[in-house]
Amino acid sequence: MLCHWAKDYEKKDARCLEYYSLDSVADVERAIGKWNASHGAAAVLGSFSAAARYAPTVRYQKVYVYVEQQDLEEFVKDLELEPVSVGGNVVLIIPHDETPCMFARKIHGDLVTSPVQTVLDLRNSSGRGEEAADAVMQKEFCLQGDDENTERGKSETGD
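Each residue of the sequence shown is one higher than the one before, starting from 13 at the first, in the numbering used here.
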């Protein structure tokens with residue numbers, strides 16, 4: 013069922029903004045964690061960045077992070093990000109509502125999208141997104157990519 017949903021899922025009105033940082037992906041993601049701690053805000057790692065916490069199976073070259081519109085300017089300034097039209101290594105996703113960040117989890121100190129949201133993001137990504145989504149489903153729900161028996165997997169809360 014999740015795979016079928018993912019095929020029809022779109023980020024609706026979410027805006028994706030591309031930025032460049034001189035720092036490595038790992039350093040940017042660490043800086044996001046520190047930013048969250050110091051601001052009490054919730055910048056939530058998504059897509060490949062979240063998948064790396066659930067089931068690290070693919071390498072990725074961009075940081076994917078959900079940031080609320082009201083935090084955007086301060087976040088960009090504090091992390092010293094430069095806007096670019098192409099070639100960025102940080103993708104800021106401004107969600108259209110709170111849904112993508114619902115049920116976010118902390119893994120190894122990093123705030124990440126729920127496994128379901130992570131799979132939805134990855135299934136609609138280019139590159140090795142489908143492979144990363146399958147790994148998250150296998151680890152979190154004990155499912156293979158196109159397994160029709162999603163009811164047997166564990167729930168979002170681990171029940």
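Note that the Cβ used here is the ideal one computed from N, Cα and C, for glycine as well. Since we're looking at a predicted model, the values are computed, not measured.
- Query: For the alpha helix (DSSP H) that contains S27, what are its first and last residues?
  - Reply: Correcting the residue identity first, residue 27 is Arg in this sequence and not Ser. It is not in any alpha helix (DSSP H) - R27 instead sits in the beta strand (DSSP E) that spans 27-32.
- Item | Cβ pair T125, G58 closer than 7 Å | Going by C-beta atoms, T125 is nearer than 7 Å to G58.
- Query: DSSP state of Y66, grouped into three classes?
  - Reply: For Y66, the three-state secondary structure derived from DSSP is helix.
- Element boundaries [beta strand (DSSP E), containing D71]: Before going further, note that residue 71 is Arg rather than Asp in the sequence given. Element bounds for R71: n/a, residue is neither H nor E.
- Is there contact here, the region 99-116 with the region 135-154, by at least three beta-carbon pairs under 8 Å? No, the region 99-116 does not touch the region 135-154.
- Based on the DSSP output, what are the partners of P95 in its beta bridges? Under DSSP, P95 shares a beta bridge with Y31.
- Item | C28 vs V103 beta-carbon contact at 7 Å | Less than 7 Å divides the Cβ of C28 from the Cβ of V103.
- Task: Count the other C-beta atoms from every protein chain shown that fall within 10 angstroms of the C-beta of V98, then say buried if there are 16 or more, exposed otherwise.
- Result: Of the other Cβ atoms in all chains shown, fewer than 16 fall within 10 Å of the Cβ of V98; this residue is therefore exposed.
- What alpha helix (DSSP H) runs, 4 residues minimum, are completely inside the region 74-158? Runs found: 84-90, 127-135, 141-153.
- Message: On the DSSP bridge list, what partners appear for V56?
- Response: Note: V56 sits in a beta bridge opposite Y78.
- Can you have a look at P127 and say buried or exposed, based on whether 16 or more other CB atoms are within 10 angstroms of its CB? Label assigned to P127: buried.
- Query: Going by beta carbon distance, what residues of the same chain come within less than 8 Å of W47, once the five residues before and after it are set aside?
  - Reply: The beta carbon of W47 lies closer than 8 Å to those of A53, A55, F87, D90, L91 in the same chain, with the five residues before and after it left out.
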